[in-house]
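For what it's worth, this note's numbering labels the leading residue of the sequence shown as 230, then goes sequentially.
We put the beta carbon where it would ideally sit given N, CA and C, even for glycine.
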Amino acid sequence: MEGAGLSGTFSSLMAEGALLSRRGEHGKALASFTNALQVKAGDKHGLVARSVCYLKLGDTENSLRDAEASLQNDQTFSKGLYQKAETLYTMGDFEFALVYYHRGHKLRPELQEFRLGIQKAQEAIDNSVGSPSSVKLENKGDLCFLSRQAESKKVKQKLQVKAPKKDQKQQSKVEPIRNEKTERQLLGELYVDKAYLEKLLKDEDLIKSSTKYGMTVEDLILGGINYLDTRTEFWQQQKPIYARVRDRKLMQQRWLPERKRKPSEVARYILKSMEEIDMLLTSSCPEGSCKKAEHVLKTIEGWSDDEIPNKNELIGNLYSCIGNAQIEMEQMGAALQSHKMDLEIARENDLPDAISRALDNIGRVYARIGKFQQAIDTWEEKIPLAKTSLEKTWLFHEIGRCYLELDEATEAQDYGEKSLHSAEEEGDVEWQLNASVLVAQAQVKLQDFQSAVMNFEKALEKAKLIHNDAAQQAIIIALDDANKDFIEELKAEQRTERIESLRDYDYDDEYQEGEEAEDQKEREENKQKEIEKEENERNGRGGGGGEEKEETEGEKGEDYAEPHQDLPE
Numbered sequence: 230m231e232g233a234g235l236s237g238t239f240s241s242l243m244a245e246g247a248l249l250s251r252r253g254e255h256g257k258a259l260a261s262f263t264n265a266l267q268v269k270a271g272d273k274h275g276l277v278a279r280s281v282c283y284l285k286l287g288d289t290e291n292s293l294r295d296a297e298a299s300l301q302n303d304q305t306f307s308k309g310l311y312q313k314a315e316t317l318y319t320m321g322d323f324e325f326a327l328v329y330y331h332r333g334h335k336l337r338p339e340l341q342e343f344r345l346g347i348q349k350a351q352e353a354i355d356n357s358v359g360s361p362s363s364v365k366l367e368n369k370g371d372l373c374f375l376s377r378q379a380e381s382k383k384v385k386q387k388l389q390v391k392a393p394k395k396d397q398k399q400q401s402k403v404e405p406i407r408n409e410k411t412e413r414q415l416l417g418e419l420y421v422d423k424a425y426l427e428k429l430l431k432d433e434d435l436i437k438s439s440t441k442y443g444m445t446v447e448d449l450i451l452g453g454i455n456y457l458d459t460r461t462e463f464w465q466q467q468k469p470i471y472a473r474v475r476d477r478k479l480m481q482q483r484w485l486p487e488r489k490r491k492p493s494e495v496a497r498y499i500l501k502s503m504e505e506i507d508m509l510l511t512s513s514c515p516e517g518s519c520k521k522a523e524h525v526l527k528t529i530e531g532w533s534d535d536e537i538p539n540k541n542e543l544i545g546n547l548y549s550c551i552g553n554a555q556i557e558m559e560q561m562g563a564a565l566q567s568h569k570m571d572l573e574i575a576r577e578n579d580l581p582d583a584i585s586r587a588l589d590n591i592g593r594v595y596a597r598i599g600k601f602q603q604a605i606d607t608w609e610e611k612i613p614l615a616k617t618s619l620e621k622t623w624l625f626h627e628i629g630r631c632y633l634e635l636d637e638a639t640e641a642q643d644y645g646e647k648s649l650h651s652a653e654e655e656g657d658v659e660w661q662l663n664a665s666v667l668v669a670q671a672q673v674k675l676q677d678f679q680s681a682v683m684n685f686e687k688a689l690e691k692a693k694l695i696h697n698d699a700a701q702q703a704i705i706i707a708l709d710d711a712n713k714d715f716i717e718e719l720k721a722e723q724r725t726e727r728i729e730s731l732r733d734y735d736y737d738d739e740y741q742e743g744e745e746a747e748d749q750k751e752r753e754e755n756k757q758k759e760i761e762k763e764e765n766e767r768n769g770r771g772g773g774g775g776e777e778k779e780e781t782e783g784e785k786g787e788d789y790a791e792p793h794q795d796l797p798e
């Protein structure tokens, strides 16, 4: 009972923290997650949630510490890998971030955030050090520059020593060392905000006032300026000025048809464009993603095959992006056509991965518009192309759901069990939960309530394991209904058995009793006849002196007809 109470407290604190985080109140959310971790120390989901809050608040060290702690007992925890990669990226460690993005992508290739992380980390590395093709190593010159570099590094370290808080305030009032033009380019629209904050620092009366929470206005202003300075340094490292100038030139040059483009420029343009398309879609802006993809498609179709060796594959990928955006915009007819274009291009160029992707998306469209049989046919065609157990888990589950919608519960149960088997092979608890629920729902339709109850109970255990409160509530309701149906089924069976037993018993008894009654009646009639006969014989012997031993039927009748006649003397 005590463990159950602690688990409930942990779940409520996690839910409260998640709600506060969605509202942007990361400080309060941080406190809730910290309290939750005090109830259940070392919980990996709680550590990741708190790490996200630390990162939102700019505390990268604690964010990294929590992300690493979440991976301590499970190095394959995808959320922990992603959070560590995001923290390292924010800290400017793009190479290490890229390593963890790749690890996560290898474990969960279906998650889009890992693919986007790889792209942005690779782009940040290219912006910082340049692409390998642009670096030319030469062995001329001496090694004097190494000593000069070491000396400059020592000077920088001395300059970066933290001063006391009062000195920082005074230092913030000094003109920034960074070139104003560079700072304006890096901050963009935020440069005006920083200039406004620096102007407020000159108002002596204002900075001495305090807020109702006890903080001085000066501390608030300095906090904002320090944050902008920190972001400026990060953006400078992520994308230096020369990289921004280079990109601007590339954008201008790509409109010149007579100029032959370099392969590195083409690759950089495509990579950047695909990243923007994905980011717009994941940021709930499908219209922008669709327009961007259509624009890039039109641009690439005008380029030659020499400039883009995998042109057809890229065009198919863009049709896929357009179709996904159209799904989000509820334009199902257009989305179906886009994904069919992707499938056609993939088949023409014999691209198995692209065929698998297109079949996946076409099936999703059919399922969304209620054409479940077409979705089943499409996804069953994709089954031989599925490579990982996790991909099979999802695929079998979706096919099973479609069969369940068509009230074909036997097939739904079969695919649900296949999905559960693949999820157990992968070790994915969340998909084990989904597959168990599917199997139980199919068994309810088959009126196999006892098996349904068992599978709902298994699903409930999985939901508790991953702290999915919403799933727990839904499963408890379904389990309660299945239990009631199971009890009603047992009662109905008992009633049927009782009726059958009673019916068999009454039939045999009636038949037997009827025969016995007839036999008894016949015996009684025979006995009565014998008694009457003996009495008549006695009467005859007493009146006739025994001369006549037998009487005829007529004589009997005369005796019975005239009982008042006197007997002979």
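Run through the DSSP bridge pairs and tell me what residue i is partnered with.
i, result
"T445", "S439"
How many angstroms separate the CA atom of residue i from the CA atom of residue j?
i, j, result
"Y283", "L242", "17 Å"
"A296", "L266", "14 Å"
"S518", "G592", "22 Å"
"L249", "R279", "12 Å"
"A700", "K693", "9 Å"
"S299", "F306", "8 Å"
"K402", "G271", "Residue confidence is low: K402 scores 39 on pLDDT, short of 50, so the model does not pin down where it sits. Its coordinate-derived value is still stated next. C-alpha separation (whole angstroms): 43 Å."
"F715", "E654", "31 Å"
"E633", "I529", "This sequence places Leu at residue 633; Glu is not what is there. Rounded to whole angstroms, L633 to I529 spans 43 Å at the Cα level."
"G629", "L667", "7 Å"
"N801", "K273", "No answer is possible for residue 801: it lies beyond the span of the chain, which begins at 230 and ends at 798."
"E690", "R337", "23 Å"
"S585", "L675", "33 Å"
"Q397", "T316", "Any reading at Q397 must be qualified, since the residue scores a pLDDT of 42, below 50, and its modelled position is unreliable; the value itself is stated next. If I take the Cα positions, the gap works out to 26 Å."
"V446", "A424", "16 Å"
"I612", "S651", "13 Å"
"L435", "R251", "33 Å"
"S502", "M683", "50 Å"
"A604", "L327", "37 Å"
"E290", "D322", "13 Å"
"F239", "K257", "16 Å"
"L388", "D458", "Here the model assigns L388 a pLDDT of 38, short of 50, so the residue's position is not dependable, and the following value carries that caveat. Taking the straight line from one Cα to the other gives about 16 Å."
"L259", "T440", "23 Å"
"K647", "T622", "7 Å"
"K269", "E254", "23 Å"
"I695", "D657", "10 Å"
"E761", "T725", "53 Å"
Can you have a look at residue i and say buried or exposed, based on whether 16 or more other CB atoms are within 10 angstroms of its CB?
i, result
"S533", "exposed"
"R767", "exposed"
"T639", "exposed"
"M444", "exposed"
"P538", "exposed"
"A746", "exposed"
"L572", "buried"
"E744", "exposed"
"H568", "buried"
"E620", "buried"
"L719", "exposed"
"H524", "exposed"
"N302", "exposed"
"I544", "buried"
"D748", "exposed"
"G774", "Because G774 carries a pLDDT of 47, less than 50, the predicted location of this residue cannot be relied on, and the following value inherits that uncertainty. By the neighbour-count rule (16 or more Cβ atoms within 10 Å), G774 is not buried but exposed."
"E214", "No information on residue 214 is available, as it lies outside the stretch 230 to 798 that the chain covers here."
Can you name, in chain order, every residue of its own chain whose Cβ lies under 8 Å from the Cβ of residue i, other than the five neighbours on each side?
i, result
"R597", "I556, M561"
"K349", "Y318, E504"
"F214", "Shown here, the chain extends from 230 to 798; a query on residue 214 therefore has no answer."
"E516", "A554, M558"
"A522", "I506, L547, C550, I551, A554"
Keeping to the same chain, check which residues put their C-beta closer than 7 Å to that of residue i; ignore five residues upstream and five downstream.
i, result
"P581", "L614"
"Y799", "Residue 799 cannot be examined here, being either before or after the span of the chain that is shown, 230 to 798."
"L500", "Q348, E352"
"V495", "E536, I537"
Which same chain residues end up closer than 6 Å to residue i when comparing Cβ atoms and leaving out the 5 residues on each side of it in sequence?
i, result
"G333", "S307, L310, Y311, F343"
"L662", "A688, K691, A692"
"A641", "G629, Y632, L633, A671"
Please determine whether the Cβ atom of residue i lies at a distance below 6 Å from any heavy atom of the ligand ATP.
i, result
"R344", "This structure simply doesn't include the ligand ATP, nor any ligand for that matter."
4 or more residues per run - each alpha helix (DSSP H) lying fully within the stretch 283-353: Counting only runs of 4 or more, we get 289-299, 307-320, 323-336.
Ordered list of alpha helix (DSSP H) runs contained in the stretch 648-723, each at least 4 residues: Whole alpha helix (DSSP H) segments, 4+ residues: 658-674, 678-694.
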